[in-house]
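Taking it in order: structure first as structure tokens, then the write-up.
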Amino acid sequence: MFSGIPVTGIAMRSGYHLSTSALGIVLACLGLGVAVSDLVWGLLTDRYGDRRILLIGLTSTGAVLSLMAVAATPADGAGIVALGAGLLVAGALGGSVNGASGRAIMTWFADGERGLAMSIRQTAIPAGGAVGVALLPWLADVYGFRAVYALPSAFCLLAAAATWRWLHEPDQPPAPATAEAALGTGEKAGSGAGRAAEPGTGPAVEPGVGRSPLRRWDVWRLALSCALLTVPQFAVLSFTAIFLHDVKGGGATLASVTVLIAQIGGGAARIWTGRRTDRRGGRRAYLRGIGALTGIAMAAAAVLTGAPTPVTVAALAIGGLLANSWHGVAYTEIAAMAGAARAGTALGLLGTALFGAGFLTPLLIPAVLGHTSWPVVWALTAALSLLAIPLAPGRPRATGPAR
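According to UniProt numbering, the sequence shown is numbered sequentially starting from 1.
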């Protein structure tokens, strides 16, 4: 739903008779729905458990999409209000998946396994997105928007059935926060991956473990820096089709291929980086590095806007790939900082920040485009990626003598 519907932007703009600015508002409703609900879902998950929240969220999201398929298509005379409201509610209910599935990872896996497990969980997002990107634009052109909403509805209900069948609470409660989880960098004593501790010092421990993540500035810094890294991701996802159509004369197929490269490549990168940071540590350093690389790639897209289409597409695909590659590491990091018992709240905060950026990006880009040009749009996404580097929290300091 979240990745596939924006790529139907060309058909949506013509079918619902929307301007580019109105299209941006409608697409932003998906991100707004998740942003306003994600933290609430995270708090509810910590209280009631991931299984119950997933069942409620997936079933209700499928029901809303089914209702849209029946009553919110161009054939039904639906306009911007009905379309925006439907996507807003679908996003708000679908946001339940973020904190609940992330807390399940923290509950079931030990700290040395969580990076890979969380990255596999996060890779499900671009994998599902790839299905949406491949199928929904084609369905919109051939069968209309009833099929566009019916397909993700069916997938939501299938996911709810899978949750009912296979996802249960573990027999033992979540492991308490440890120094390794507090460190949040994946570096473990004796692994040889991190910097050796100086004599007379203990492990670097994050202050405040056990407190609410909402009261910790380092947690907020991580969430806000990741929000900045989200801007190029949503820019490529939401506006590649419009850019290629309006500037390069390309069709939906070219846009789908570009976004698919970003989605599939980003998904593969999530698994690789999750396993690497489990073994070597350095999750925070990795996030800062991704900020630099994404900034460079999007700056290249800005410079190469007038280049031949394959060159421009390659720059956008690489930028989108990088912007899709860090999520598993970030979710693992913020959950480890909070500890398993408060992981739902921390993940909800991160989801709110990310989808808040997802809400603002489709509003920001048409406004910038209305006064400037596409090179400025891509340059802005590059600048925001680079701003994430100093905002991200650094390595925790050692706290004193080892005991």
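By construction, the Cβ of each residue, glycine as well, lies at the ideal position given by its N, Cα and C atoms.
For clarity, every value in this text was computed on a predicted model and none was experimentally measured.
Asked, Found
"Distance CB(residue 88)-CB(residue 32) smaller than 8 Å", "yes"
"Cβ-based neighbour list, residue 270, same chain, cut-off 7 Å, excluding 5 preceding and 5 following", "119, 122, 123, 325, 327 and 328"
"Of the residues 317, 41, 344 and 235, the one placed nearest residue 357, counting alpha carbons only", "235"
"Nearest candidate by alpha-carbon position, reference residue 78, set 4, 316, 8 and 12", "12"
"Whole-angstrom C-beta distance between residue 349 and residue 223, which should lie under 8 Å", "5 Å"
"Neighbourhood of residue 404 by C-beta, 7 Å cutoff - its chain only, sequence neighbours within 5 removed", "Residue 404 lies beyond the range of the chain shown here (1 to 403); nothing can be said about it."
"Distance between residue 74 and residue 61 (C-alpha atoms, nearest Å)", "21 Å"
"Beta-carbon spacing of residue 457, residue 344 below 8 Å", "Residue numbering for the chain in the displayed model covers 1 to 403; residue 457 lies beyond these limits and cannot be assessed."
"Residue from 273, 16 and 149 with nearest C-alpha to residue 289", "273"
"Alpha-carbon to alpha-carbon, residue 268 and residue 237", "17 Å"
"Per-residue DSSP class, three states only, for residue 211", "strand"
"DSSP-derived helix/strand/coil call for residue 168", "coil"
"Nearest-angstrom Cα separation, counted from residue 90 out to residue 304", "36 Å"
"Run of the alpha helix (DSSP H) containing residue 6, from where it starts to where it stops", "4-7"
"Option nearest residue 130 by Cα separation, candidates 255, 67 and 248", "255"
"CB of residue 227 within 8 Å of CB of residue 354, strictly", "yes"
"Beta-carbon gap between residue 84 and residue 351 smaller than 8 Å", "no"
"Residue 407 to residue 334 span [Cα, whole Å]", "Coverage of the chain is limited to positions 1 through 403, which leaves residue 407 absent and any answer about it impossible."
"Candidates 330, 4, 312 and 278, of which the one nearest residue 418 by Cα", "Coverage of the chain is limited to positions 1 through 403, which leaves residue 418 absent and any answer about it impossible."
"For residue 326, the three-state DSSP class (helix, strand or coil)", "coil"
"Exposure of residue 7, with buried meaning 16 or more beta-carbon neighbours within 10 Å", "buried"
"Cβ separation of residue 319 and residue 301, assumed to be a contact under 8 Å, to the nearest whole Å", "5 Å"
"Cβ distance (whole Å) where residue 108 is taken to contact residue 170 below 8 Å", "6 Å"
"Nearest-angstrom Cα separation, counted from residue 41 out to residue 214", "14 Å"
"Option in 311, 368 and 283 with minimal Cα separation from residue 337", "283"
"8 Å contact criterion, which residue 292 and residue 382 should meet: CB distance rounded", "With 8 Å as the limit, residue 292 and residue 382 do not qualify as a contact, their Cβ atoms being about 10 Å apart."
"CB-CB length for residue 66 against residue 159, believed under 8 Å", "About 14 Å separates the two Cβ atoms, so there is no contact after all."
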